[in-house]
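Take a look at the structure set out below.
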Amino acid sequence: MTMTHHVSDAGQSKRLKALEAKAADAQKTIDELRSRDALKTQFLSNISHDLRTPLAAIITHAEILRDGMLGELNQKQRDSVTGIVNGGQQLLDMIDEILTYVRSASDQVSLARTEFPIAELADQVKLLNQPLAAKKHITIERLNGDDLPSVYADRDKIKHVLANLIGNAIKFTNDGGRAWVSFARRGAEGEELVVEVGDTGRGIAPNHYDLIFQEFAQVDASPSRAHHGTGLGLAIARRLVELHNGTIWVESQMGKGSRFFFTLPLNAPRE
Amino acid sequence: MAARILIVEDSPLVTDAFSILFRESGYDVDVAATVAQAVEVATRQTPDVILLDISLPDGDGLDVLAQLRERNALPRATLAMTGHGDARSRQKCIDAGCAEVLLKPLSIGELLRRIERHLA
Chain A
1 MTMTHHVSDA GQSKRLKALE AKAADAQKTI DELRSRDALK TQFLSNISHD LRTPLAAIIT
61 HAEILRDGML GELNQKQRDS VTGIVNGGQQ LLDMIDEILT YVRSASDQVS LARTEFPIAE
121 LADQVKLLNQ PLAAKKHITI ERLNGDDLPS VYADRDKIKH VLANLIGNAI KFTNDGGRAW
181 VSFARRGAEG EELVVEVGDT GRGIAPNHYD LIFQEFAQVD ASPSRAHHGT GLGLAIARRL
241 VELHNGTIWV ESQMGKGSRF FFTLPLNAPR E
Chain B
1001 MAARILIVED SPLVTDAFSI LFRESGYDVD VAATVAQAVE VATRQTPDVI LLDISLPDGD
1061 GLDVLAQLRE RNALPRATLA MTGHGDARSR QKCIDAGCAE VLLKPLSIGE LLRRIERHLA
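If you read the sequences in order, they're chains A and B.
Per our numbering, the first sequence starts with residue 1, numbered consecutively.
Per our numbering, the second sequence starts with residue 1001, numbered consecutively.
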């Protein structure tokens, strides 16, 4: 009896040792991957920053030329230089998006919460997008929200989320369509705010509902796709919402439009 | 007399572009690429406006303001330029004495308007 007991003890402790060794190996791999991931994040952050500076200089030079500060241009010259400015700005926007993503993906990101009226913020973002919407004859409306309590959140980050959703609504809606922002409260005491950004655009297929919130994912990733971008916009929005302990999702009908929702706790603990 | 503007920015690509922009707009222009240079040029040339990049190779751009304050050589207005738009870094610039925080990049029209507003 005693003998068997000893043997089984020894066997168990051997198995335990093997398991411990495996766990240590796994931990080592995890640590290695983490530090590689951190390096990659740092690299992306540095390179985005370094790309930005010469590009900003190119755009400034092109603007100086375009505005005739170094002598009047003829119409064809002006159109061409305007192309440099517009292309440069588009590229800069994409680099900024990568930078924002890298910052939101790194662990160091922190929320600077303040109390603010979210309906006013929505109006601001709406106003910023007005020129783009007007170009496509798309109306943007805020349907309600005047009587909402203030939210306690990071204003800049929520502004970024709203700007992304409203920007997308305009981008993926045909001429003459409609986009809107509305608010609802849910939970037993209305403690959760649901923000909706909707549009009458082309819609999203149900099998893409999750995909669109993934990094670098685009519903149409082919080089010939109609809409170009980093594919980071909604992934950033998701991270920023999740930082606030909220969730983000989409409901859509193909050909009819999409409704993006995100939640914010109205009673977030005050710092 | 033309107003004098000091561009503090470590990228020569950017200072070149801004120098052309401001000279063509009728300003006298000086440039500096580091905190130390900026303090030296600002003390000697007494610019009306400083356009200040926040991240410089030898330190925080806001140090320029602290050192100029000690020497009683502050310009009429300092406009900070930053790539980060978050509320905290904006507030830090205002607290350090910047008249305004410009979020890079700015269209040249907007940049000129902001500067003129502080010279009016």
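Just so it is clear, CB atoms sit at the ideal spot from N, CA and C, and this is done for glycine as well.
All figures in this text were calculated on a predicted structure; none of them were measured in a lab.
Have a look at residue i and residue j and give me their C-alpha separation to the nearest angstrom.
i, j, result
"Lys136(A)", "Met1001(B)", "47 angstroms"
"Ile95(A)", "Arg52(A)", "7 angstroms"
"Ala119(A)", "Pro149(A)", "10 angstroms"
"Leu55(A)", "Phe1018(B)", "13 angstroms"
"Ala163(A)", "Ala122(A)", "9 angstroms"
"Val85(A)", "Glu63(A)", "7 angstroms"
"Asp152(A)", "Leu264(A)", "With the sequence shown as reference, residue 152(A) is identified as Tyr, and Asp is not the correct amino acid for it. Distance between the alpha carbons of Tyr152(A) and Leu264(A) is about 9 angstroms."
"Gln27(A)", "Ser13(A)", "21 angstroms"
"Ser80(A)", "Leu65(A)", "10 angstroms"
"Asp1016(B)", "Asp1010(B)", "11 angstroms"
"His208(A)", "Val161(A)", "20 angstroms"
"Glu192(A)", "Ser45(A)", "34 angstroms"
"Ser8(A)", "Ala24(A)", "24 angstroms"
"Glu1024(B)", "Phe216(A)", "43 angstroms"
"Asn144(A)", "His49(A)", "39 angstroms"
"Ile138(A)", "Phe172(A)", "11 angstroms"
"Gln253(A)", "Arg202(A)", "8 angstroms"
"Pro1105(B)", "Val1008(B)", "15 angstroms"
"Ser74(A)", "Gly68(A)", "The question names Ser, but residue 74(A) in the sequence shown is Asn. Whole-angstrom Cα-Cα distance: 10 angstroms."
"Ala18(A)", "Arg36(A)", "27 angstroms"
Using the beta-carbon of each residue, which ones in chain B are nearer than 7 angstroms to residue i?
i, result
"His61(A)", "Ala1017"
Closer than 7 angstroms by C-beta to residue i: which residues in its own chain qualify, once you throw out the five before and the five after it? Chain order, please.
i, result
"Leu127(A)", "none"
"Arg1090(B)", "Val1101"
"Thr230(A)", "Met94, Glu97, Ile98"
Run through chain A and tell me which residues come within less than 7 angstroms of residue i, C-beta to C-beta.
i, result
"Lys1104(B)", "Ala56"
"Leu1013(B)", "Thr53, Pro54, Ala57"
"Gly1059(B)", "The premise fails here: Gly1059(B) is roughly 17 angstroms from chain A at the closest Cβ pair, so nothing lies under 7 angstroms."
What residues of chain B sit near residue i, judged by a beta carbon separation below 9 angstroms?
i, result
"Ile64(A)", "Ala1017, Ile1020, Leu1021, Glu1024, Ile1108"
"Leu264(A)", "Near Leu264(A) there are no residues of chain B at all, since even the closest Cβ is about 17 angstroms away, more than 9 angstroms."
"Met69(A)", "Ile1020, Leu1021, Glu1024, Ser1025, Ile1108"
"Leu92(A)", "Pro1105"
Could you please give the first and the last residue of the uninterrupted beta strand (DSSP E) stretch that includes residue i?
i, result
"Ser252(A)", "248-253"
"Thr1078(B)", "1077-1082"
"Leu1006(B)", "1004-1008"
"Thr263(A)", "257-265"
"Thr139(A)", "139-142"
"Ala184(A)", "178-186"
For the candidate residues the options, whose alpha-carbon lies nearest to that of residue i?
i, options, result
"Leu1079(B)", "Ile1115(B), Thr1046(B), Arg1088(B)", "Ile1115(B)"
"Ile236(A)", "Arg186(A), Ser258(A), Lys159(A)", "Lys159(A)"
"Leu92(A)", "Ile64(A), Phe262(A), Ile58(A)", "Ile58(A)"
"Leu1052(B)", "Gly1026(B), Gly1109(B), Leu1074(B)", "Leu1074(B)"
"Leu132(A)", "Tyr101(A), Arg259(A), Gly257(A), Ala179(A)", "Ala179(A)"
"Ser182(A)", "Leu165(A), Lys171(A), Phe172(A), Gly176(A)", "Leu165(A)"
"Thr200(A)", "Leu266(A), Tyr209(A), Arg259(A)", "Arg259(A)"
"Gln1045(B)", "Ala1036(B), Gly1059(B), Arg1004(B), Val1008(B)", "Arg1004(B)"
"Ala1099(B)", "Leu1021(B), Val1049(B), Ser1107(B)", "Val1049(B)"
"Asp154(A)", "Gly11(A), Leu243(A), Ala21(A)", "Leu243(A)"
"Gly255(A)", "Leu232(A), Gly231(A), Gly246(A), Ala205(A)", "Ala205(A)"
"Val241(A)", "Arg36(A), Arg113(A), Lys76(A)", "Arg113(A)"
"Gly190(A)", "Ala38(A), Ile170(A), Lys17(A), Leu266(A)", "Leu266(A)"
"Leu232(A)", "Asn168(A), Leu73(A), Asp31(A)", "Asn168(A)"
"Asp156(A)", "Thr230(A), Gln124(A), Arg34(A), Ile170(A)", "Gln124(A)"
"Asp1028(B)", "Pro1047(B), Asp1095(B), Leu1068(B)", "Pro1047(B)"
"Ala105(A)", "Lys40(A), Thr82(A), Gly177(A), Leu19(A)", "Lys40(A)"
Could you list which residues in chain A have their beta carbon closer than 9 angstroms to that of residue i, in chain order?
i, result
"Arg1113(B)", "Those within 9 angstroms of Arg1113(B) in chain A number zero; the least Cβ separation is about 13 angstroms."
"Ala1087(B)", "Ala112, Thr114, Asp154, Arg155, Asp156"
"Gly1097(B)", "The premise fails here: Gly1097(B) is roughly 21 angstroms from chain A at the closest Cβ pair, so nothing lies under 9 angstroms."
Excluding five sequence neighbours on each side, which residues of the same chain lie with their C-beta closer than 8 angstroms to the C-beta of residue i?
i, result
"Arg238(A)", "Phe213, Ile248"
"Cys1093(B)", "Ile1054, Leu1062, Ala1080, Thr1082, Val1101"
"Val109(A)", "Arg103, Leu243"
"Val194(A)", "Phe183, Ala184, Arg185, Arg186, Phe261, Phe262, Thr263"
"Gly316(A)", "An answer regarding residue 316(A) cannot be provided, because it is not within the stretch 1 to 271 covered by chain A."
"Arg1071(B)", "Val1039, Thr1043"
Which residues bound the alpha helix (DSSP H) around residue i?
i, result
"Ile212(A)", "Segment: none, Ile212(A) is in no alpha helix (DSSP H) and carries neither H nor E."
"Gly167(A)", "155-171"
"Pro288(A)", "Here chain A comprises residues numbered 1 to 271, so residue 288(A) is not present and cannot be evaluated."
"Thr1043(B)", "1035-1045"
"Ile95(A)", "75-105"
"Asp147(A)", "Element bounds for Asp147(A): n/a, residue is neither H nor E."
"Asp1063(B)", "1062-1070"
Excluding the five sequence neighbours on either side, which residues of its own chain have a C-beta within less than 6 angstroms of the C-beta of residue i, listed in chain order?
i, result
"Gly1097(B)", "Leu1065"
"Ala1077(B)", "Val1049, Ala1099, His1118"
"Val1035(B)", "Leu1056, Asp1058, Gly1059, Asp1063, Val1064"
"Ile140(A)", "Lys126, Ala133, Ala179"
"Gly198(A)", "Trp180, Arg259"
"Ala1033(B)", "Asp1010"
"Tyr101(A)", "Leu232, Ile236"
"Thr82(A)", "Arg66"
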